[in-house]
């Protein structure tokens, strides 16, 4: 697959086949992620791979409860409250794996480096026929002491990019319409 094809074909997949993600595949995705650009070549990232679906289900409930506590009415304003309150809604969409990219340095650029690594990981997943989705709903809970403990994180690590990965249950979702971006040209 060509790079542009992977970029245009990558989608946020929210429905996964009941197929585990192998350790070898997860390791290959991590290796692809580490080829991302990094400020001053710090490579200040670490990876957590969770492949226990029962544990992911528990973490989903914990993350949803945390969102309801801290966001309350704000969730209703953005149209997410009913979804988050539903026992049937799993924020990890029953994916076989959660890969969390963590900043391993307090340097502010480490967060940006993790975001670049995340894009590499998601494009590499697409290249081998896997779906992925960055789970923003999980970020706040993963950064709480209890979330960090569940991940087994060293004190110096900060979760930045929680990404689910797996084989899509259905055909690839169609491409959304892309708006023409606003651009300012100088020269």
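In this note's numbering, the protein residues as written are 11 to 197. Even glycine gets a Cβ: it sits at the ideal position worked out from N, Cα and C. Everything numeric in this text was worked out from a predicted model, so none of it was measured.
- Query: Taking C-alpha atoms, which residue in 12, 22, 17 and 14 lies nearest to residue 182?
  - Reply: Reading the chain shown from its first residue, position 172 is the one you call residue 182. The candidate whose alpha carbon is nearest that of residue 182 is 22.
- Query: Are the C-beta atoms of residue 80 and some chain D residue less than 8 Å apart?
  - Reply: The chain inventory of the structure shown lacks chain D, comprising one protein chain alone.
- Query: Which residue comes first and which comes last in the beta strand (DSSP E) that contains residue 102?
  - Reply: One-based indexing of the chain shown puts residue 102 at position 92. No beta strand (DSSP E) holds residue 102; DSSP gives it neither H nor E.
- If you follow the beta strand (DSSP E) that residue 70 is part of, which residue opens it and which one closes it? What you label residue 70 is simply residue 60 of the chain shown in a count that begins at 1. That residue, residue 70, is in no beta strand (DSSP E); its alpha helix (DSSP H) goes 63-81.
- With DSSP run on the structure shown, which of helix, strand or coil describes residue 31? Residue numbering aside, residue 31 sits at position 21 when the chain shown is read from its first letter. Residue state, collapsed to three classes: coil.
- Residues sharing a beta bridge with residue 119, DSSP: Residue mapping note: residue 119 aligns to position 109 of the chain shown, counting from 1. In the DSSP output, where bridge partners are listed per residue, residue 119 has none listed.
- Using alpha carbons as the reference points, say which of 53, 37, 39 and 35 lies closest to residue 119. In the chain shown, residue 119 corresponds to position 109, counting from 1. Checking every option, the nearest Cα to that of residue 119 belongs to 53.
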